[in-house]
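Peer 1: For the sequence shown, the working numbering gives the first residue as 159, with consecutive numbering after it.
Quick reminder that beta carbons are idealized off the backbone N, C-alpha and C, glycines included.
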Amino acid sequence: MPKAQETVLEIDLNALKHNFEHLKSRLHNDTMFMAVVKAFAYGSDACTIANYLQNLQADYFAVAFVHEGVQLRKAGITTPILVLHPQSANFNALIQNCLEPNLYNIKILNEFIAIASAEKLSEYPIHVKFNTGLNRLGFAENDVDAIVSKVKGTSAVKIKSVFSHLAASEDLNEKTFTLNQIEKFKAIAKNITQQIGYKPLLHLCNTSGILNYPEAHFDMVRSGIGLYGFGIPIAIGTEKDNKNLKPIGTLKTIISQIHSIEKGESIGYNRAFTADAFLRSATLPIGHADGIGRQYGKGKGYVIINNQRAYILGNVCMDMIMVDVTNIDCKEGDEVIVFGPSNTAENLSETASTISYELITAISQRVKRIFVEG
Ligand SMILES: *Cc1c(COP(=O)(O)O)cnc(C)c1O
Numbered sequence: 159m160p161k162a163q164e165t166v167l168e169i170d171l172n173a174l175k176h177n178f179e180h181l182k183s184r185l186h187n188d189t190m191f192m193a194v195v196k197a198f199a200y201g202s203d204a205c206t207i208a209n210y211l212q213n214l215q216a217d218y219f220a221v222a223f224v225h226e227g228v229q230l231r232k233a234g235i236t237t238p239i240l241v242l243h244p245q246s247a248n249f250n251a252l253i254q255n256c257l258e259p260n261l262y263n264i265k266i267l268n269e270f271i272a273i274a275s276a277e278k279l280s281e282y283p284i285h286v287k288f289n290t291g292l293n294r295l296g297f298a299e300n301d302v303d304a305i306v307s308k309v310k311g312t313s314a315v316k317i318k319s320v321f322s323h324l325a326a327s328e329d330l331n332e333k334t335f336t337l338n339q340i341e342k343f344k345a346i347a348k349n350i351t352q353q354i355g356y357k358p359l360l361h362l363c364n365t366s367g368i369l370n371y372p373e374a375h376f377d378m379v380r381s382g383i384g385l386y387g388f389g390i391p392i393a394i395g396t397e398k399d400n401k402n403l404k405p406i407g408t409l410k411t412i413i414s415q416i417h418s419i420e421k422g423e424s425i426g427y428n429r430a431f432t433a434d435a436f437l438r439s440a441t442l443p444i445g446h447a448d449g450i451g452r453q454y455g456k457g458k459g460y461v462i463i464n465n466q467r468a469y470i471l472g473n474v475c476m477d478m479i480m481v482d483v484t485n486i487d488c489k490e491g492d493e494v495i496v497f498g499p500s501n502t503a504e505n506l507s508e509t510a511s512t513i514s515y516e517l518i519t520a521i522s523q524r525v526k527r528i529f530v531e532g
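1) Between the alpha carbons of residue 276 and residue 316, how many angstroms are there, rounded?
2) Determine, using beta carbons only, whether residue 257 and residue 239 come nearer to each other than 8 Å.
3) With contact counted as at least three CB pairs below 8 Å, one residue from each stretch, are the stretch 294-305 and the stretch 331-341 in contact?
4) Roughly how far, in whole angstroms, is the beta-carbon of residue 208 from the beta-carbon of residue 230, given that I think they are within contact range, below 8 Å?
5) Can you have a look at residue 327 and say buried or exposed, based on whether 16 or more other CB atoms are within 10 angstroms of its CB?
6) Between 166, 365 and 500, which lies nearest to residue 381 when the distance is taken from Cα to Cα?
7) Where residue 444 and residue 518 are concerned, what is the direct C-alpha to C-alpha distance, given to the nearest angstrom?
8) Are the CB atoms of residue 204 and residue 226 nearer to each other than 8 Å?
9) Would residue 378 pass as a contact of residue 403 if the rule is Cβ separation under 8 Å?
10) Determine the burial state of residue 234: buried for a count of at least 16 other Cβ atoms within 10 Å of its Cβ, exposed for fewer.
11) Tell me the rounded alpha-carbon separation between residue 475 and residue 351.
12) For residue 309, name the three-state secondary structure that DSSP assigns.
13) So residue 255 packs on residue 228, CB below 8 Å; how close in whole Å?
14) Measuring from the CB of residue 456, is there a heavy atom of ligand 1 at a distance below 7 Å?
15) Quick one: complete beta strand (DSSP E) runs, 3+ long, within the stretch 363-400?
16) Output the boundary residues of the alpha helix (DSSP H) element that contains residue 212.
17) CB of residue 383 to nearest heavy atom of ligand 1: below 7 Å?
18) Quick test of your reading: residue 279 and residue 308, contact by CB under 8 Å. State the CB separation rounded to the nearest angstrom.
19) If you follow the alpha helix (DSSP H) that residue 128 is part of, which residue opens it and which one closes it?
20) May I have the straight-line CA-CA distance separating residue 481 from residue 498, to the nearest angstrom?
21) So what does DSSP say about residue 184, is it helix, strand or coil?
22) Using the C-alpha atoms, what's the distance from residue 496 back to residue 408?
23) Helix, strand or coil: which one does DSSP assign to residue 302?
24) Taking C-beta to C-beta, are residue 170 and residue 530 nearer than 8 Å?
25) Excluding the 5 residues flanking residue 273 on each side, which residues of the same chain have their C-beta closer than 6 Å to its C-beta?
26) Could you spell out the range, first to last residue, of the alpha helix (DSSP H) harbouring residue 453?
27) Measure the alpha-carbon distance for residue 383 versus residue 410 and round it to whole angstroms.
28) Tell me whether residue 356 sits in a helix, a strand or coil according to DSSP, three-state version.
29) Starting from the C-beta of residue 514, find all residues in its chain whose C-beta is less than 6 Å away, skip the five residues before and the five after it, and write them out in chain order.
30) Evaluate residue 436 with the Cβ neighbour count: other Cβ atoms within 10 Å of its Cβ, from every protein chain shown; 16 or more gives buried, anything less gives exposed.
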């Protein structure tokens, strides 16, 4: 790899392929794979990632919002795209771009059927989501009759899939709860399938569901974080599953300047750090506007310089952080690893009591993405 000369997020497409193939190897041959590429493919770059996965024959894509799906269509994605959280204000754009809505309550189902009928659509694919315990988005079990009568009353839409989402699939201490969700989902799916008279696709598992609940893969699985290299969080899982997944992103930066700080001097805004002995600090061109939030400051987060940890001194600035390099052999211009395969985003996220999902999706769009095949 070339040494970084500015702040860059390097994305390893071979690692993405490896993760895709590993996750697929955990499925039956005929189980479909929905690649979740919402939020810029978890901060990577949705268009590049989706194009790459389309070439690898991913069966479906999922995004959260309509405009994310529109971007994928503009980038040449022809694979079906599920929009997990559409708003009725965007239904025209959704239809124009052949995006498929998740419909999760009677209000949005009615709104979609109204527009689909007005547009004289025929059997437009819709996805119906049920709440089985997450209490976030989804119809209740006893909405089935109402859904069926609405959908049977029109030829404008057809139920392509029925799905739900697990609340704690990563946590085996919650196994009883999860098994209950699975049973609820099975009962709902059976009821709606019988009443509607055809077989929609069924799907329930996210990445940790794929790994922990092979009996619940149904017709399709939805994987996001696993594609980007993280599985069961190390805080609650075992290393076993995750050693087969490779983080695809390496966030790199460089040392812009090194300062010698005398005892009693402070560093950064609000003088949040004061040296109690002589030290050397390095200033790096990455800050909270790049996705390294203030919660990583004041000695919590660290970066890697010449294989050693350099902790953040004082407050994180908008465009910079200062780190302690007193005991590290380094000079201005040297490369810095913020996170990567060996010091993972998951490790760094834990220093600020958060999770890999939040850290990687927060890397802002001003950080240049570079694609490599490592
Ligand atoms: C984001 C999301 C996923 C992907 O979950 P991962 O844990 O990243 O695999 C799957 N399903 C739904 C409904 C989601 O919102």
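Peer 2: A quick look at the data gives this:
1) Answer to the nearest angstrom: the Cα atoms are 16 Å apart.
2) Contact: yes.
3) Counting Cβ pairs under 8 Å, fewer than three are found: no touch.
4) Contact flag correct, Cβ pair sits at about 5 Å.
5) By the C-beta density criterion, residue 327 is buried, having at least 16 other C-beta atoms within 10 angstroms.
6) In this structure, 365 is the residue among 166, 365 and 500 with its C-alpha nearest to the C-alpha of residue 381.
7) Between the alpha carbons of residue 444 and residue 518 lies a gap of roughly 14 Å.
8) In this structure, residue 204 sits near residue 226, with a CB-CB distance shorter than 8 Å.
9) Not closer than 8 Å, so no.
10) By the neighbour-count rule (16 or more Cβ atoms within 10 Å), residue 234 is not buried but exposed.
11) Spanning the two alpha carbons is a distance of roughly 55 Å.
12) Look at residue 309 here: in three-state DSSP terms it is helix.
13) Sure, about 5 Å apart at Cβ, within 8 Å.
14) Residue 456 has its CB no nearer than 7 Å to any heavy atom of ligand 1.
15) The stretch 363-400 contains, as complete beta strand (DSSP E) runs of 3+ residues, the segments 378-381 (chain order).
16) Segment 204-213, the alpha helix (DSSP H) holding residue 212.
17) Between ligand 1 and residue 383, a heavy atom-to-CB distance of less than 7 Å is present.
18) Their Cβ separation, rounded to whole angstroms, is 15 Å, which puts residue 279 and residue 308 out of contact at 8 Å.
19) Residue 128 lies beyond the range of the chain shown here (159 to 532); nothing can be said about it.
20) Their backbone Cα atoms lie some 18 Å apart in a straight line.
21) Coil at residue 184, not helix or strand.
22) Computed Cα separation, rounded: 8 Å.
23) Residue 302: helix per DSSP, three-state reduction.
24) Contact flag set, yes.
25) Excluding sequence neighbours, residue 273 sits near 249.
26) Secondary structure note for residue 453: it is in no alpha helix (DSSP H), with a DSSP letter that is neither H nor E.
27) Their Cα atoms are separated by approximately 20 Å.
28) Residue 356: coil per DSSP, three-state reduction.
29) Cβ-Cβ distances below 6 Å link residue 514 to 388, 503, 504 and 507 in the same chain, with the five nearest sequence neighbours on each side left out; the list follows chain order.
30) Burial state of residue 436 is exposed, judged by a 10 Å Cβ sphere holding fewer than 16 other Cβ atoms.
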